[in-house]
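Numbering (the working numbering), first residue to last: 2 to 287. Contents: one structure, followed by commentary.
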């Protein structure tokens, strides 16, 4: 496979500028009964001269797109067509050809995923935002996020960032909205969300740390995280640096609910509850 050609500095300057995301607000309603997620997002974007904004939007059903409150044209297509070509698989008659077909399918899927699949045609009304494109958003070029998650009132939505407040609606049955803000610029792939009827254990030694588990695991959680503040503060001293976020959440969920045994995000870690232990554990004493 040929290696991609590295662009020279003069070539990079001649290419048209791409869209720059400045800020994003995400509002979601998680409906467990229908197993669906509804919501919308607001993006502050520096639009390139072409007026075309290309974004990644997989596994979504998009009803409409507006720019400055006005509906605009957009194209949205799936990275994975429902009907896969059968020609690639019809010729498989041995292990070698099966491996070749699987490899080709995998490479093709990666190539499709790397391409944006939401194309938005913006109007000239975005000139003001476009003129601000040269202004840096932050020192490291990251993005700030505002997140709002609405769930049933008996559930807790735990996410990346600082919890600003909770809003209880007057609906019947009532719903609760958790409002988070990520003040430290991060990439979108480090944003995590867990929703369940969690019990919350604030750390007794640090106001920054919170531990969460499902009902029935609290006693094991108490024993497991009793020492955690010591390890947390030890690494802050060892690295001569404070934790970069205003809060840190540790969430423990049953293994059958977890995609992996450990999932790390910005200011949040999600573990399988099999690592929790009770007071009968034997610790080595030096």
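Using N, Cα and C, we set each Cβ at its ideal position, and we do this for glycine too. On a predicted model such as this, the values are computed, not experimentally measured, just so you know.
Notebook entry, point to check: Around the Cβ of residue 225, are there at least 16 other Cβ atoms within 10 angstroms (buried) or fewer (exposed)?
Noted result: Burial call: buried.
Checklist line | Boundaries of the alpha helix (DSSP H) in which residue 219 is found, first to last residue | finding: 219-225 is the span of the alpha helix (DSSP H), which, as asked, contains residue 219.
Next item on the list: Please report how far the alpha carbon of residue 179 lies from the alpha carbon of residue 247, in whole angstroms.
Entry: Distance between the alpha carbons of residue 179 and residue 247: 16 Å.
Check: Does the beta-carbon distance from residue 240 to residue 219 come in below 8 Å?
Finding: Contact flag unset, no.
Notebook entry, point to check: Sorted by chain position, which residues of the same chain lie with C-beta nearer than 7 Å to residue 275's C-beta, five sequence neighbours on each side aside?
Noted result: For residue 275, where only same-chain residues beyond five positions count, the Cβ hits under 7 Å are 256.
Notebook entry, point to check: For the beta strand (DSSP E) that contains residue 29, what are its first and last residues?
Noted result: 21-32 is the extent of the beta strand (DSSP E) around residue 29.
Check: Using the beta-carbon count (16 or more within 10 Å), is residue 197 buried or exposed?
Finding: Here residue 197 is buried. Its C-beta has 16 or more other C-beta atoms within 10 Å.
Check: Exposed or buried, what is residue 166 when buried is set at 16 or more other beta-carbons lying within 10 Å of its beta-carbon?
Finding: Exposed: under 16 other Cβ atoms inside 10 Å.
Check: By Cβ distance, which residues of its chain are closer than 6 Å to residue 193, with the 5 residues on each side in sequence left out?
Finding: Once the five neighbours on either side are set aside, the close Cβ partners of residue 193 are 161, 266, 269.
Margin query: The alpha helix (DSSP H) that contains residue 58, what's its start and end?
Written below: Taken as a continuous stretch (DSSP letters only), residue 58 belongs to no alpha helix (DSSP H), as it is neither H nor E.
Notebook entry, point to check: Taking buried to mean at least 16 other C-beta atoms within 10 Å of its own C-beta, is residue 258 buried or exposed?
Noted result: By the 16-neighbour rule on beta-carbons within 10 angstroms, residue 258 is exposed.
Checklist line | Three-way DSSP call (helix, strand, coil) for residue 190 in this model | finding: If DSSP states are grouped into helix, strand and coil, residue 190 belongs with the helices.
Check: What distance in whole Å lies between the Cβ atoms of residue 58 and residue 118, which are believed to be in contact at a cut-off of 8 Å?
Finding: Residue 118 to residue 58, Cβ: 6 Å. Contact.
Notebook entry, point to check: Nearest to residue 110 by alpha carbon, out of 98, 211, 122, 79?
Noted result: When only C-alpha atoms are compared, the closest one is 79.
Checklist line | residue 206 in three-state terms, based on DSSP | finding: DSSP places residue 206 in coil when its eight states are reduced to three.
Notebook entry, point to check: Smallest Cα separation from residue 243: which of 250, 251, 234?
Noted result: Comparing Cα positions, the closest option is 234.
Check: What do you get for residue 314, buried or exposed, if any count of 16 or more other CB atoms within 10 angstroms of its CB means buried?
Finding: In this structure the chain extends from 2 to 287, so residue 314 is not present and cannot be described.
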